[in-house]
Every structure is written in structure tokens, then in C-alpha cells.
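First up is the structure itself, then whatever we jot down about it.
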Amino acid sequence: MSDRLPVLPQYLFPKQALTSFAGWVAGKERGSVTTWIIRRFVAKYGVDMGEALASDIASYRSFNDFFTRALKPGARPIAAADLISPVDGAISQFGAIEGDQIFQAKGHRYSTTALVGGDAALAARFAHGSFATLYLSPKDYHRIHMPCDGRLLRMIYVPGDLFSVNPTTARGVPGLFARNERVVCVFETARGPFVLVLVGATIVGSMATVWHGVVNPPRGGEVREWRYDDQQVVLRQGEEMGRFLLGSTVVMLFPAPPLAFTPAWAPGRPVRLGEAMAQYRAD
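For what it's worth, the working numbering labels the leading residue of the sequence shown as 6, then goes sequentially.
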């Protein structure tokens with residue numbers, strides 16, 4: 006069966022309306038109804054509440070409170086590595102950027118320029134560098150942390166579609182991560198720039214960062230940008246930088262030379278926040 010066929014209905018779904026409604030429902034405080042919904046979700050997806058800071062399901066006032074739950078201290082040890090996984094999830098793809106092309110899935114590539122919202126000068130800084138794409142499933146912890154120390158320079162909101170970002174959709178929708186709504190965060194590090202992109206999806210009510218709060222909604226048709234050149238927004242490796250209010254995908258870009266990714270990494274492999282992702286190659 007063609008990979009396009011399973012995703013054809015998504016082209017017809019009223020994704021914006023469905024996502025807005027889901028975000029509204031997830032943010033409501035409905036007492037016992039909220040607790041019932043969370044309990045059903047935990048059972049369906051096998052969420053491990055034992056590692057949550059608040060393990061009592063009834064303590065969450067809204068579904069969003071539960072979905073963005075904090076973990077107990079020490080639940081995710083930070084590996085001794087140059088770059089760590091910023092999330093719990095699964096590896097979608099990773100490797101070298103070929104010129105300006107990022108591998109999405111068999112038969113699909115997209116450009117770094119498209120991913121960052123059309124800024125060719127920014128994208129050029131990652132020519133022949135490295136990328137990593139990590140998918141967060143519904144059961145995963147949905148806060149996003151820093152893969153390394155970094156100082157924030159820019160944040161760019163790029164409007165777009167709201168296709169699902171699961172593996173089936175990644176195989177079936179060309180340029181998926183560069184056509185969905187996204188928040189592009191640009192950092193400077195001791196080893197040069199890196200970009201961390203929060204990719205929206207169907208039912209993702211909003212995306213938020215620790216320095217800004219909720220970035221969307223509002224949803225509009227224009228690219229929006231915030232600059233932090235004159236501010237000292239510095240985050241250390243392992244610190245929280247943002248979160249999804251209902252889950253999605255992160256894409257990271259690193260400059261040349263290509264990284265030495267951890268040998269155990271492979272597409273489809275589960276990863277956890279804090280585990281070793283890659284080392285910088287020797288100059």
C-alpha cells in the first residue's frame with residue numbers, strides 16, 4: 006500500500022478547528038470529569054505516573070496540567086555527553102544535512118530554509134551540518150529540555166498546517182516538518198549556533214517556551230519574530246526550555262562538521278530525556 010493512502014483523510018479534516026477545540030477542552034477545569042478523562046488516558050497509553058512529581062491523578066485541575074506534568078527530581082539523569090536527548094520520545098531520523106537537505110523519510114526530503122521559515126541566511130549556517138528529529142507520542146513526558154548550554158538569540162513563529170506527525174504521516178506527507186506550524190528557537194553556544202524547532206500537529210493546542218509562555222494561540226497567517234540579542238536568556242544543558250500542550254515533534258539543527266551520534270541510535274528507537282545523543286567531532 007502506498008504511504009500516501011493512509012494520510013489522505015488528513016487533507017480533508019478541519020484540522021485548525023479540531024485543534025482549537027481540543028486546546029479549549031484540554032485547558033478547562035472540570036473536576037471529576039477531568040479526573041475521569043486523565044484516568045482513561047493513563048490506562049489507554051500506559052503512562053507511568055510513578056515517575057511524575059504529582060502521581061495522584063486527581064491532583065490535576067485540567068488535562069493540560071496533567072499532560073505537561075513535571076517529573077520527580079532525578080527521574081532523568083543527564084549523561085556526560087556534548088549533546089543529550091532533549092525529550093522523551095522516539096527517533097524519527099538523524100544524521101548529516103546534505104547541503105541544505107534534511108532526510109524526512111524514504112522518498113521525502115525538505116530544506117533547512119523551509120524549516121526555519123524562509124530565512125536563507127540562518128539556514129546557510131547549518132549547511133552540511135547535522136540534524137535530529139524526535140517524535141513524542143501521547144504517553145511521553147512533554148516538556149522539552151536543552152541538549153546543551155545555549156544563549157537564546159531569536160524565536161520565530163511560522164504558521165502552517167496541522168498534520169499529524171506520527172511515523173505514518175512522516176512517510177506520507179512531503180515536507181511535513183517544514184509545512185506544519187512551528188516555533189523556531191535559535192541559540193548560540195560555545196560551538197556555534199544551533200536551532201531547536203517545536204513542530205505543531207493536529208490536536209496540539211499550543212506550544213510554549215519558558216522565556217515567553219504560550220506562543221500560539223493566537224494563530225495567524227504571518228511569520229512573527231522575537232529577538233533577544235540584547236538580553237541574557239541563558240539555559241544550561243538539561244534545563245527546561247519549553248513544552249507541548251498535546252504532543253508533537255522536535256527537530257534540531259547543528260552546524261558542520263557533522264556530529265558523531267551515539268552508536269546505539271537508530272530510527273524508531275525510543276529515547277529518554279538526558280541520554281547521550283552525540284559528541285562534537287575533534288577540530
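Just so it is clear, CB atoms sit at the ideal spot from N, CA and C, and this is done for glycine as well.
State buried or exposed for residue i, treating a residue as buried only when at least 16 other CB atoms are found within 10 Å of its CB.
i: residue 284; result: exposed
i: residue 236; result: exposed
i: residue 63; result: exposed
i: residue 26; result: Caution applies to residue 26, whose pLDDT of 45 falls short of 50 and renders its modelled position unreliable; the value that the coordinates give is listed next. Flag for residue 26 reads exposed.
i: residue 159; result: buried
i: residue 37; result: exposed
i: residue 205; result: buried
i: residue 135; result: buried
i: residue 248; result: buried
i: residue 275; result: exposed
i: residue 260; result: buried
Tell me whether residue i sits in a helix, a strand or coil according to DSSP, three-state version.
i: residue 54; result: helix
i: residue 39; result: helix
i: residue 164; result: coil
i: residue 123; result: coil
i: residue 116; result: strand
i: residue 71; result: helix
i: residue 108; result: strand
i: residue 283; result: strand
i: residue 289; result: As displayed, the chain neither begins before 6 nor continues past 288, which places residue 289 out of reach and without an answer.
i: residue 88; result: strand
i: residue 176; result: helix
i: residue 181; result: helix
i: residue 45; result: helix
i: residue 149; result: strand
i: residue 129; result: helix
Quick check: what's the CA-CA separation for residue i versus residue j?
i: residue 182; j: residue 92; result: 17 Å
i: residue 238; j: residue 164; result: 24 Å
i: residue 84; j: residue 121; result: 29 Å
i: residue 202; j: residue 140; result: 12 Å
i: residue 220; j: residue 187; result: 10 Å
i: residue 218; j: residue 250; result: 12 Å
i: residue 65; j: residue 90; result: 27 Å
i: residue 132; j: residue 192; result: 16 Å
i: residue 214; j: residue 258; result: 18 Å
i: residue 41; j: residue 61; result: 12 Å
i: residue 227; j: residue 282; result: 34 Å
i: residue 151; j: residue 119; result: 23 Å
i: residue 195; j: residue 106; result: 25 Å
On the DSSP bridge assignment, give the partners of residue i in chain order.
i: residue 203; result: 188 and 255
i: residue 214; result: 218 and 247
i: residue 139; result: 96 and 255
i: residue 270; result: Bridge partners of residue 270: none, in fact.
i: residue 101; result: 135
i: residue 79; result: Paired residues: none, contrary to the question.
i: residue 226; result: Answer is none; residue 226 lacks a bridge partner.
i: residue 232; result: 159
Nearer than 6 Å: is that true of the beta carbon of residue i relative to any heavy atom of the ligand ATP?
i: residue 136; result: In terms of ligand content, the structure shown is empty, and the ligand ATP therefore cannot be addressed.
What ranges does the beta strand (DSSP E) occupy inside the segment 236-268, keeping only unbroken runs of at least 3 residues that lie completely in it?
Counting whole runs of 3 or more residues, the segment 236-268 contains the beta strand (DSSP E) stretches 245-250 and 254-259.
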